[in-house]
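Numbering (our numbering), first residue to last: -5 to 609.
Beta carbons: idealized from backbone N, C-alpha and C, even for Gly.
Below: one structure, written as structure tokens.
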Amino acid sequence: MCGVVGYTGKNQAVKYLLDGLSTLEYRGYDSAGVEVLSPSGNLHGVKCVGRVATLVERCKTANLVGTAGIGHTRWATHGAPTDRNAHPHTDCSGRIAIVHNGIIENFQELRRDLAAAGHELRSDTDSEVIAHLVEDAWNGPAKGDLAAAVRNACDRLEGSWAIAAICADAPGQIVCTRKGSPLVVASTPDGAYAASDVMPLAKVTSHVIQLDDGDIATLRQDGSVAITDRDGIAVEHPSTMDIDWDASAATLGGYSDFMAKEISEQPAAIERLLQGRLGKHGVELDELSMSDEELAAIDRVYVIACGTSYHVGLITKAIIQKWAKIPVFCEYASEFNYSDVLVTEHTLCVIITQSGETADTLTAARRMKGMGCRVFAITNVLGSSAARESDGTMYIQAGPEVCVCSTKAYTAQMVAAVLLALRLALVNGQMDQAEVERHFHDLEQLPGLISEVLKRRWQDKQAARLFRNAHSSLFLGRGVNSTTAYEGALKLKEVSYLHAEAYPAGEMKHGPIALLEPGFPVVAVVPADHVHDKTVSNIQECIARGAVVVAVATDGDEAVAKLCQDVLWVPPVPDEDLFPIVGVVHLQLLARYVARARGCDVDKPRNLAKSVTVE
Ligand code: F6R
């Protein structure tokens, strides 16, 4: 949430700042701004409500000249999205500017103190206090040292932050720091760069430095980066990371939107994830960093995640329980953090987070670690906080997911969870090598099956007409496919703004059935599995009340075809527990077509941001 960029070097800063903000826009897009230090020695900025594209237009006439600057794209938490609340924020003199991602929890108290001391606060944000605290320190104890002033200001903050600061009286310097919110920096012959994540940096370097909490990085015009820790001691060997994907992975590459592109990348992502995983000793999962004895001793698993990743958690729970016979608790991180936990000496905690930066999930992981549990992360983002803080990390290698609505990470995370279940089942004796291999070969069929569903996208386009003018919809499924229904409803809501309720099909008659009326759209996930006939009965109950039913069903299911208005056909999946990984692709496509028919921007749904770094 909120994207931060900074640059100082040989080139004009505004180009990198605007490019970087466009790349980071998935982190928030209700307002944006840049501030550049001009050759005359003054700060000049432009900020405005709306998308980065609006900022780019404004900058064309603003003539922002200068080789050092900072920028921000905002997802509002404190203060409405207005020009005034957009970042960067300046101090009273207008000679210090900051951008901030995170939340300053004690901002009210700080605002009161700053106002009482004569500071003029001009926005409703929590972030603005930082500029004034840096000002106080610059004029006071830091004595004109920007890094010291930022450190001093941070000593007074509570909450989370990634900050970049610039000062007209410290020419050519950008000072950055973080606590709890991500920030990476890079040193190159053309200059030094800062960004909330590696995506904007991938265009300029393949080597980035990850700041640790409390680190202060001073970026200079010659491209150098000097880092000190929270006590001001030089950090000689900061942690670094090589970016191993091409920057073009984050471009549209001929697709009309990132959602379409990322949906179509699913077969390749799963193929990549499975490569080299089957060995002599079952599924290779060295990332677990646990011996077979330790794994065999696991007697309880907590799976913790948010949103779409939580739905992966539900599938993880079902499959680990079924195959490895270990009890699994699947929790929303935001709920888990404030509830009782029942850990044993041999509890494994699995966190699932595409971005690796979701604040609630990280808090949960820290809580579990604090209780002595081993934490295993399933994530997509290299070097993310989840990866850095966990005992073991499995990267799903899906490539950058730019669309705010998660698609390819969802299916890849499910495959990762299945691999984990196979590993656990083998080491604790619930499966033998032959069984593991059989399941693995089933997994290998998934890319081909998903490709087949992608070829049938016309079915989703056609079914979208039933939702275009609807006011609400209901998604139903049983067993693992109740989760497919939850995920389908979430996709539809978030990209098309059409209300969608999801229920296990058997629960429908305990309440949601009251929603049904003639023409009401229902999506029923009804593959050829052991609960097929039960779900068909639920479909009949819907039809009896005039609902129009769109089914996600297995090829050749005449009974379903006769009953339903439309069928989204899925080729036979070798194992019914893997159906969610294939069937959901139709629901992703359906959500996209409905959203487009309703005139919505599928890549940047309103009010959402991809990386939810606040609790
Ligand atoms: C929905 C979506 C969100 C995320 C959730 C957790 O399409 O993407 O529900 O799944 O915000 O994000 P991660 O997986 O990054 O922890």
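Distance CB(residue i)-CB(residue j) smaller than 7 angstroms
i     : j    : result
E351  : S121 : no
G44   : P82  : no
V608  : A380 : no
L584  : D454 : yes
L282  : G423 : no
T477  : H305 : yes
A610  : I92  : Absent from the model: residue 610. The displayed extent of the chain is -5 to 609, so no value can be given.
I313  : V412 : yes
T212  : V198 : no
A406  : A392 : yes
L104  : V123 : yes
V516  : C536 : yes
D163  : R214 : no
T302  : S400 : yes
A263  : T355 : no
N146  : A158 : no
R462  : A589 : no
C86   : H113 : yes
R290  : V421 : The sequence given here has Ala at residue 290, not Arg. Going by C-beta atoms, A290 is nearer than 7 angstroms to V421.
G(-3) : T67  : yes
D426  : D569 : no
K402  : Q260 : yes
Secondary structure of residue i, DSSP reduced to three states
i     : result
P194  : helix
H526  : helix
F323  : strand
R68   : strand
M(-5) : coil
R52   : helix
C170  : strand
F514  : coil
G500  : helix
F469  : strand
F461  : coil
N475  : helix
T355  : helix
Q315  : helix
I264  : helix
E395  : coil
N36   : coil
E495  : strand
S400  : coil
Y23   : coil
N133  : helix
R368  : strand
H201  : strand
S233  : strand
C-alpha distance - residue i paired with residue j, whole-angstrom precision
i     : j    : result
G377  : D551 : 46 angstroms
E446  : G482 : 19 angstroms
M(-5) : L15  : 12 angstroms
P33   : F469 : 59 angstroms
H580  : A457 : 10 angstroms
Y404  : M253 : 13 angstroms
V219  : E19  : 25 angstroms
P498  : M388 : 30 angstroms
E488  : E256 : 16 angstroms
V564  : V576 : 7 angstroms
V46   : T17  : 10 angstroms
A111  : G134 : 13 angstroms
L205  : V192 : 12 angstroms
E329  : T55  : 48 angstroms
G273  : A428 : 12 angstroms
R106  : R361 : 33 angstroms
Assumed close pair residue i, residue j - CB separation to whole angstroms, cut-off 8 angstroms
i    : j    : result
A62  : Y1   : 7 angstroms
I160 : L37  : 7 angstroms
T222 : A156 : In fact, because the Cβ distance is near 17 angstroms, the residues do not count as touching under 8 angstroms.
V295 : I320 : 6 angstroms
A496 : A522 : Actually they do not touch by this definition, with Cβ atoms about 21 angstroms apart.
L267 : A410 : 7 angstroms
S616 : G96  : Residue 616 lies beyond the residue range present for the chain, which begins at -5 and ends at 609; the question has no answer from this structure.
V50  : L12  : 5 angstroms
K41  : A74  : Incorrect: roughly 14 angstroms between the Cβ atoms, too far for contact.
V277 : V430 : 6 angstroms
S258 : L448 : 6 angstroms
S490 : C367 : Wrong, their Cβ atoms sit about 39 angstroms apart, outside the cutoff.
I186 : V178 : Note on residue identity: the sequence assigns Ala, not Ile, to residue 186. Actually they do not touch by this definition, with Cβ atoms about 12 angstroms apart.
Kindly provide the ranges of any alpha helix (DSSP H) runs that are 4 or more residues long and lie completely inside the segment 97 to 129, ordered along the chain. 101 to 110
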